[in-house]
Structure formats: C-alpha cells, structure tokens
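If you number the sequence shown the way our numbering does, the last residue is 131 and the count never jumps.
Where is the CB? At the ideal position from N, CA and C, for every residue including glycine.
Here the structure is a predicted model, which is why all the values come from computation and not from measurement.
Contents: one structure, followed by commentary.
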Amino acid sequence: MPLEITAPIEITAPTETTRLVLRSLRPSDLTDVAAYQSREDVVRHLPWNVRTREESAEHLAKRIVATLLENDGDHLVAAVERPGAARSASSARRTSC
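The following block contains the structure:
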C-alpha cells in the first residue's frame, strides 16, 4: 500500500536516532560519494554506471538541492551517517499512483 503524502516533506535539519543521522548532502560528502560511485559492486544495484570523481561531483551538486518532496516528480536525497561507517545517501521520489 503506497504511503499517502498530504503535506510537503523537507529536510531542514538533521534527524538523529541512536543508530544514524539523516541530513542534507553537502560538498564535503564528495570523498564518500565518489568512493561508492566508483565501485562496480555498488553501482550494479544503481541506475548509473561507475563514475569518476568529477562525475560524482557533478551528480552530488544536483542532489545537494534535492531537499523537498512537494509535487509529482520531486525527489529528496539525504545523507546517511552511521558511527564508524562511511557516509552514504538515500533518496525518495514523489509520484502519483
């Protein structure tokens, strides 16, 4: 059953739990983003091919501003931080059913 969103969802501040932190992406995430985007064993599960650091920087710049789900087609990307682990990212897209 799809989740019905009736109000905009926006990343305005980090959300912290005992196991992780969800927050907006920032330019300083490039090293971690480039590390996982350059790995064949990771990107085989993603909708893109292996990226160079420069390609990862371009992609990160587009994702940094993706902080709001309000209209169909909007997407939101959050950095995921876990103690002792590299940073990763998770995303959501708003679509009509």
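Taking the Cβ atom as the reference point for each residue, do residue i and residue j lie within a distance shorter than 7 Å?
i, j, result
"S62", "I45", "no"
"A113", "A126", "no"
"R128", "D108", "yes"
Which partner residues does residue i have in the DSSP bridge list?
i, result
"L80", "None, per the DSSP bridge assignment."
Given this structure, state the Cα-to-Cα distance separating residue i from residue j, to the nearest angstrom.
i, j, result
"T52", "E115", "11 Å"
"R97", "G118", "24 Å"
"R60", "A69", "15 Å"
"E89", "A95", "10 Å"
"A47", "V111", "13 Å"
"P42", "A91", "28 Å"
"T40", "V99", "22 Å"
Report, in whole angstroms, the separation of the C-beta atoms of residue i and residue j, which I expect to be a contact under 8 Å.
i, j, result
"T65", "L56", "Contact doesn't hold; Cβ gap of about 19 Å is too wide."
"H93", "R87", "About 11 Å separates the two Cβ atoms, so there is no contact after all."
Is the stretch 68-87 touching the stretch 101-115 in the sense that three or more CB pairs, one from each, lie closer than 8 Å?
no
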